[in-house]
Amino acid sequence: MKLNMKALNDIDVWEKAGFKLPRFNLQQVKENTKANPNWIHFGAGNIFRAFIANVQQSILNEGKSDRGIIVAEGFDYEIIDEMYRPHDNLGALVTLKADGHIEKTVIASIVESLIVDPKNEENWKRLKEIFINPSLQMVSFTITEKGYSLQDAKGEYLSDVVEDFNNGPQNPVSYIGKLAALVYERYINGKNPLALVSMDNCSHNGTKLYQAVSAFAEKWVEKECVDEGFDVYINDPKYVSFPWTMIDKITPRPDPSVREMLKKDGFEDVEDVITSKNTYIAPFVNAEESEYLIIEDLFPNGRPNLEEAGIIFTDRETVDKVEKMKVCTCLNPLHTALAIYGCLLGYTLISKEMEDHELKNLVEKIGYVEGLPVVVNPKIIDPKKFIDEVLKVRIPNPFMPDTPQRIATDTSQKLGIRFGETIKAYISREDLNIMDLKFIPLVLAGWCRYLIGIDDDGNKMKLSSDPLLEELTPYVASISLGDKGPFHEQLKPILSNVKIFGIDLYEVGLGEVIENYFEELIASKGAVRATLKKYVD
Ligand SMILES: NC(=O)c1ccc[n+]([C@@H]2O[C@H](COP(=O)([O-])OP(=O)(O)OC[C@H]3O[C@@H](n4cnc5c(N)ncnc54)[C@H](O)[C@@H]3O)[C@@H](O)[C@H]2O)c1
Ligand SMILES: O=P(O)(O)OC[C@@H](O)[C@@H](O)[C@H](O)[C@H](O)CO
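Letter by letter, the sequence shown follows residues 1 to 537 of UniProt numbering.
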């Protein structure tokens with residue numbers, strides 16, 4: 001079984017191998033979408049294919065929509081060249097349920113894949129055509145937290161952003177510059193409304209996207225590259241809206257065990273690629289069954305009917321609460337804690353870490369003891385039930401091949417949201433005392449220990465990619481296992497960095513606490529385990 005449109009005609013072969021197939025007219029849906037696109041998604045990575053594209057496929061299967069999704073990739077073009085186009089934009093989704101049951105689905109709701117780069121003239125022309133079309137309702141994004149950054153860690157604009165600020169919307173080179181240029185096309189061709197919908201794991205993701213796009217509009221008006229109406233267009237939600245969302249579905253990188261299972265079932269196109277930009281991608285995606293997508297209902301040009309597949313549309317306040325619940329307390333901080341300590345302790349499977357007494361206790365304490373008290377109940381999901389499902393069913397799911405190394409990617413970009421928000425809540429709430437926080441500081445100390453690149457057995461450890469590694473690792477480069485503190489001079493530039501944590505950890509009284517934990521963690525081989533035993537048991 002090859003993964004392409006032609007091979008899909010052998011329905012019996014696929015069904016015998018246990019695949020669920022699309023139940024709509026693929027050619028018709030493709031034509032409808034090409035003529036009147038209503039949805040384009042930026043970020044062709046794994047979560048998009050495992051969750052978002054499957055949602056649209058369910059709706060198409062039910063006959064409740066007649067259009068698919070167009071995917072656009074503006075960062076890692078290899079994803080399109082090596083995975084989408086050779087397979088006619090099809091993907092195989094493998095759902096790994098907690099009871100061991102496996103579901104295999106051929107996803108065919110992505111009808112077109114485009115590279116976002118003015119140098120690719122054909123694709124750029126097509127993108128403009130899509131953005132100009134009045135039928136377009138939503139541009140969604142899963143481009144990672146760093147995708148929205150216009151500045152480096154020092155707060156200086158990146159060079160490609162500066163170039164685009166100066167040049168205006170012609171031939172943009174930066175990611176958001178390219179997006180802003182496409183939105184500008186829509187503005188000058190009829191000023192039709194549009195929703196730009198971030199589906200990334202960052203707090204107030206819509207605002208993050210708005211800030212990035214509006215920075216371009218402002219600069220271009222200031223430099224007289226565009227008329228000032230463009231800035232008004234971007235800033236008026238009757239024209240362009242930036243809804244907030246919360247997205248949740250644990251989607252690990254394509255895993256060798258799943259690849260082998262698919263091979264045994266006769267699926268031939270199983271080979272994954274690690275692109276030069278570090279995307280782990282294969283013709284298949286593997287993910288858990290649980291999924292939540294909550295979207296602020298703010299769509300000035302109407303929207304796809306995703307509620308038909310269980311997606312919840314609500315007000316901004318509810319999205320905020322539900323997103324804080326997940327990203328700041330009940331899931332992502334626990335993931336990051338397991339990522340950091342899992343790497344240090346030599347784990348390569350998250351589910352195995354949940355069999356480790358200290359690590360299981362650590363995440364339970366961060367979640368139930370330190371996190372839950374600051375969660376505001378969003379009502380549409382019960383936080384206690386949510387965290388119970390995360391800690392008792394989802395993260396321990398032995399069939400999920402998720403790794404601490406994947407989750408440790410870009411940790412510097414996530415700490416402010418995953419832990420900083422809770423720390424801020426402890427400062428602002430009169431009934432809570434910041435000095436009661438013990439386990440969150442232990443994770444932050446663990447991260448500093450992780451940055452040394454030596455595991456708890458004293459072996460060299462490969463650090464997961466992170467845009468700040470080059471800047472941060474030199475601060476701790478002089479520290480070796482067995483060194484005695486104090487380490488204030490080395491750790492201060494890290495722990496006081498407001499860009500990383502959202503606060504200066506010394507100013508709130510946690511800097512020294514973290515330094516003390518760090519001294520214990522670096523004391524010798526095995527000190528990470530010993531420190532966890534001492535504090536977490
Ligand atoms: N994987 C999950 O479990 C999961 C679950 C919920 C939400 N998310 C969100 O989705 C994001 C992507 O996850 P994924 O599993 O698809 O990852 P992935 O590695 O499979 O894909 C990452 C995508 O982001 C793009 N990207 C990476 N760096 C970029 C940059 N600097 N600028 C613009 N685009 C960039 C890549 O080109 C690719 O399209 C996550 O960062 C997270 O915010 C992921
Ligand atoms: O996707 P990231 O890199 O922001 O974070 C890694 C994981 O914690 C994350 O992908 C979770 O699996 C996801 O948030 C679950 O919904």
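C-beta: ideal position from N, C-alpha, C; glycine also.
LYS223 sits in coil when the DSSP states are folded into three classes, being neither helix nor strand. Approximately 6 Å separates the beta-carbon atoms of THR279 and ILE79; this is inside 8 Å, confirming the contact.
A buried status is given to MET246, since no fewer than 16 other beta-carbon atoms sit within 10 Å of its beta-carbon. By the Cβ test, the region 400-415 is in contact with the region 344-361, since at least three Cβ pairs between them sit closer than 8 Å. Distances between the C-beta of HIS204 and the heavy atoms of ligand 2 are all 6 Å or more.
Going by C-alpha positions, ASN120 is about 25 Å away from ASP272. DSSP, reduced to helix, strand and coil, places MET246 within a strand of the structure shown. Distances taken from the Cβ of ASP248 to the heavy atoms of ligand 2 include one shorter than 6 Å.
For ligand 1, a non-hydrogen atom lies closer than 6 Å to the CB of GLY147. In this structure, DSSP gives ALA287 an extended state, which the three-state scheme calls strand. Looking from the CA of ILE440, the closest CA among ILE479, ASP483, LEU338 belongs to LEU338. Not one heavy atom of ligand 1 falls within 6 Å of the beta-carbon of ASP152. Between LEU472 and LEU491, the C-beta spacing is not below 7 Å. Look at ASN201: its beta carbon is less than 6 Å from one of the heavy atoms in ligand 2. If you check the C-beta of ALA44 against ligand 1, you find a heavy atom less than 6 Å away. In this structure, DSSP gives GLU62 a state outside helix and strand, which the three-state scheme calls coil.
Taking C-alpha positions only, MET5 is separated from LEU90 by approximately 8 Å.
Only residues of its own chain outside the window of five on either side were considered, and among them ASP265, GLY266 have a CB closer than 6 Å to the CB of ALA17, listed in chain order.
In summary, SER276 is exposed, with fewer than 16 beta-carbon neighbours lying within 10 Å of its beta-carbon over all protein chains present. Excluding the 5 residues flanking it on each side, LYS97 has same chain C-beta neighbours closer than 6 Å at GLU289, in chain order.
Your pair LEU437 and LEU510 checks out as a contact, with CB atoms roughly 7 Å apart and the cut at 8 Å.
Here ARG85 is exposed: its Cβ has fewer than 16 other Cβ atoms, across all protein chains shown, within 10 Å. Unbroken alpha helix (DSSP H) stretches of 4 residues or longer found wholly inside the region 345-429: 350-353, 357-364, 383-389, 404-407, 411-415, 421-428, given in chain order. Cβ-Cβ distances below 7 Å link LYS191 to TYR233, TYR239 in the same chain, with the five nearest sequence neighbours on each side left out; the list follows chain order. Each residue's CA atom was taken as its position, placing TYR475 and GLU358 some 29 Å apart. For the pair VAL536 and LEU262, the CB atoms are not nearer than the 7 Å cut-off.
According to DSSP, residue pairing for SER140 in a beta bridge involves HIS41, VAL197. In its chain, beyond the 5 residues on either side, VAL270 have a beta carbon closer than 6 Å to the beta carbon of ARG259.
Around the C-beta of LEU21, fewer than 16 other C-beta atoms lie within 10 Å, and the residue is accordingly described as exposed. Taking C-beta atoms under 8 Å as the contact rule, PRO243 and GLY206 qualify, at a distance of about 5 Å.
Using a 10 angstroms sphere on the CB of GLU489, the tally of other CB atoms stays under 16, which defines it as exposed. Annotated as proximal: PRO37 and ILE130, with beta-carbon spacing under 7 Å. Here the C-alpha atom of GLU507 lies approximately 38 Å from the C-alpha atom of LEU179.
In the same chain as ILE380, and ignoring 5 residues on each side of it, the C-beta atoms closer than 8 Å to its own belong to ILE294, ILE312, THR314, THR318, VAL322, in chain order.
Measuring C-alpha to C-alpha distances from GLY68 to each of HIS204, GLU364, THR33 identifies THR33 as the nearest. A buried status is given to LYS326, since no fewer than 16 other beta-carbon atoms sit within 10 Å of its beta-carbon.
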